[in-house]
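Chemist: This structure is in structure tokens; I'll ask about it shortly.
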Amino acid sequence: MKVEFLGLNRQYRQLKNQLDCALQAVMARGAFILGPEVQRFEQSMASYLGVRDAIGLASGSDALLLSLMALGIKPGDEVITTTYSFFATASCITRLGAKPVFCDIDLRTFNLNPEEVKKKITGRTKALIPVHLYGNPCDMEGLSEIAGSHGLAIVEDSAQAIGAEYRGRKIGSFGVASCFSFYPTKNLGAYGDGGCVAVNDPELSERIRILRVHGAKKKYFHKFIGLNSRLDELQAAVLNVKLPQLDSWNQRRREIAIRYNKSFKGIFSIPESDPDVTHVYHMYVLLHHQRDTIRERLSELGVSTMIYYPQALHLQECFADLGWKSGDLPNSELACRENFALPIYPEMTDEEVDYVIESLLKIADELK
Ligand SMILES: *Cc1c(COP(=O)(O)O)cnc(C)c1O
Numbered sequence: 010m011k012v013e014f015l016g017l018n019r020q021y022r023q024l025k026n027q028l029d030c031a032l033q034a035v036m037a038r039g040a041f042i043l044g045p046e047v048q049r050f051e052q053s054m055a056s057y058l059g060v061r062d063a064i065g066l067a068s069g070s071d072a073l074l075l076s077l078m079a080l081g082i083k084p085g086d087e088v089i090t091t092t093y094s095f096f097a098t099a100s101c102i103t104r105l106g107a108k109p110v111f112c113d114i115d116l117r118t119f120n121l122n123p124e125e126v127k128k129k130i131t132g133r134t135k136a137l138i139p140v141h142l143y144g145n146p147c148d149m150e151g152l153s154e155i156a157g158s159h160g161l162a163i164v165e166d167s168a169q170a171i172g173a174e175y176r177g178r179k180i181g182s183f184g185v186a187s188c189f190s191f192y193p194t195k196n197l198g199a200y201g202d203g204g205c206v207a208v209n210d211p212e213l214s215e216r217i218r219i220l221r222v223h224g225a226k227k228k229y230f231h232k233f234i235g236l237n238s239r240l241d242e243l244q245a246a247v248l249n250v251k252l253p254q255l256d257s258w259n260q261r262r263r264e265i266a267i268r269y270n271k272s273f274k275g276i277f278s279i280p281e282s283d284p285d286v287t288h289v290y291h292m293y294v295l296l297h298h299q300r301d302t303i304r305e306r307l308s309e310l311g312v313s314t315m316i317y318y319p320q321a322l323h324l325q326e327c328f329a330d331l332g333w334k335s336g337d338l339p340n341s342e343l344a345c346r347e348n349f350a351l352p353i354y355p356e357m358t359d360e361e362v363d364y365v366i367e368s369l370l371k372i373a374d375e376l377k
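So in the numbering used here, the last spot in the sequence shown is 377, and the numbers never skip.
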């Protein structure tokens, strides 16, 4: 048996008619930039997330960058974030000339530890970017308390956590801005790049709306120096078809994760989340000191795995001038060395899930 790491074509097969019609309708209509599909998607997304406004952008990376731009982050400012994330979480900070201050994770949840965050605050700290990694919501109460008492803005990197909940409320409004990605492999994936930012404050959302069209409130008259960063009309058409399915897809991811958890408990350290959150398992990640051997054996048995992430952000070559060294953020560095992600997507069959479990248990037995 062969289990692919992802099966994006399966989702297309399920929704083929609707998707084909939606895309053809856009082409027949002839409106390609900020047309009715984007408008409809923004409204559906805002109501899905329970926020005032959702602004469609070209990518999740731009959602982060535009949020920080709209907040006025500038050279000399510091922004605290996790070192264990995708690159865009930190590059949005350095792009604006500000300094990313990297923080270690809690190995149980892979997320920022509020106690560690507290230690990093200086007089120059302006914002905090927590990442709900792998779809697991951060300790937003702990982080909001710290942000509140130091006057910091929270910009959530929610790229992996669409549909996740913290204490019964959807991720999307715990920070002043919450950034989502529709990269094809995300839980809600477009057929190309796309992103959006959820905002409650009307002034902030107006600023982001202007910034995404080169800072022009009135066309050809530029109030700010913005970007060209819009959610594409064709991608919005895809997302409008898919959004109604998101909750059931996330539910299926959780079902698979529960089966993995039950099978691996006591053998591997299974991913943990707080009792009052709803995890959406963008990724299902385990740690093991013989990670490379395990991946090789799984691959021989036909099970594909991935590594998220092999290198922490504080040790990236492009950030060398920040002066970090190996050993500075040990939990994250250990996670980089030991993590491996198992296939988890809603279209996986029960047989495939069983086969992944059976294969990994067999390998664990061999390693004993
Ligand atoms: C995917 C991702 C992003 C960036 O989103 P893009 O749409 O690919 O630009 C940012 N942060 C995290 C944690 C992500 O997983």
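Built from N, CA and C at the ideal position, the CB exists for glycine as well. Because the structure is a prediction, the values reported are computed rather than measured.
Please name the residue in Phe-50, Asp-113, Val-140 whose C-alpha comes closest to that of Ser-70.
Modeler: Comparing Cα positions, the closest option is Val-140.
Chemist: Identify the continuous alpha helix (DSSP H) that holds Asn-26 and give its terminal residues.
Modeler: Its alpha helix (DSSP H) spans residues 17-38.
Chemist: Check whether the Cβ atoms of Tyr-269 and Gly-144 sit closer than 9 angstroms, and answer yes or no.
Modeler: It is not a contact, given that the beta carbons lie outside the stated cut-off.
Chemist: Should Ile-171 and Thr-134 be called a contact, given that it needs their Cβ atoms to be closer than 9 angstroms?
Modeler: No; because the gap between Cβ atoms is not below 9 angstroms, this pair is not in contact.
Chemist: How many angstroms separate the CA atom of Asp-86 from the CA atom of Gly-132?
Modeler: Looking at the two C-alpha atoms, the distance is approximately 9 angstroms.
Chemist: Starting from Asn-348, trace the beta strand (DSSP E) in both directions and tell me its first and last residue.
Modeler: Its beta strand (DSSP E) spans residues 348-351.
Chemist: Exposed or buried, Lys-25, counting other C-beta atoms within 10 Å across all chains shown (16 or more means buried)?
Modeler: So Lys-25 ends up on the exposed side.
Chemist: Opposite Lys-274 in the DSSP bridges: which residues?
Modeler: Phe-277.
Chemist: Does the beta carbon of Ser-368 fall short of 8 angstroms from some heavy atom of ligand 1?
Modeler: No.
Chemist: Please state if the CB of Pro-123 and the CB of Ile-82 are separated by a distance shorter than 9 angstroms.
Modeler: No, they are not a contact pair.
Chemist: Quick check: what's the CA-CA separation for Cys-101 versus Gly-235?
Modeler: Between Cys-101 and Gly-235, the C-alpha separation is close to 14 angstroms.
Chemist: Check each candidate in Thr-103, Leu-74, Leu-213, Leu-161 and name the one with the smallest Cα separation from Lys-127.
Modeler: The residue with the shortest Cα to Cα distance from Lys-127 is Leu-161.
Chemist: Once DSSP output is grouped into helix, strand and coil, what is the label at His-298?
Modeler: DSSP places His-298 in coil when its eight states are reduced to three.
Chemist: If you measure between the beta carbons of Phe-5 and Ala-350, is that distance less than 9 angstroms?
Modeler: What is shown of the chain runs 10 to 377, which leaves residue 5 out entirely.
Chemist: Can you give me the Cβ contacts of Glu-375 inside the same chain, cut-off strictly under 8 angstroms, excluding the 5 residues immediately before and after it?
Modeler: Correct list, in chain order: Arg-306.
Chemist: Closer than 6 angstroms by C-beta to Ser-94: which residues in its own chain qualify, once you throw out the five before and the five after it? Chain order, please.
Modeler: Val-140, listed in sequence order.
Chemist: What is the residue span of the beta strand (DSSP E) that Val-110 lies within?
Modeler: Where Val-110 is concerned, the enclosing beta strand (DSSP E) stretches over 108-112.
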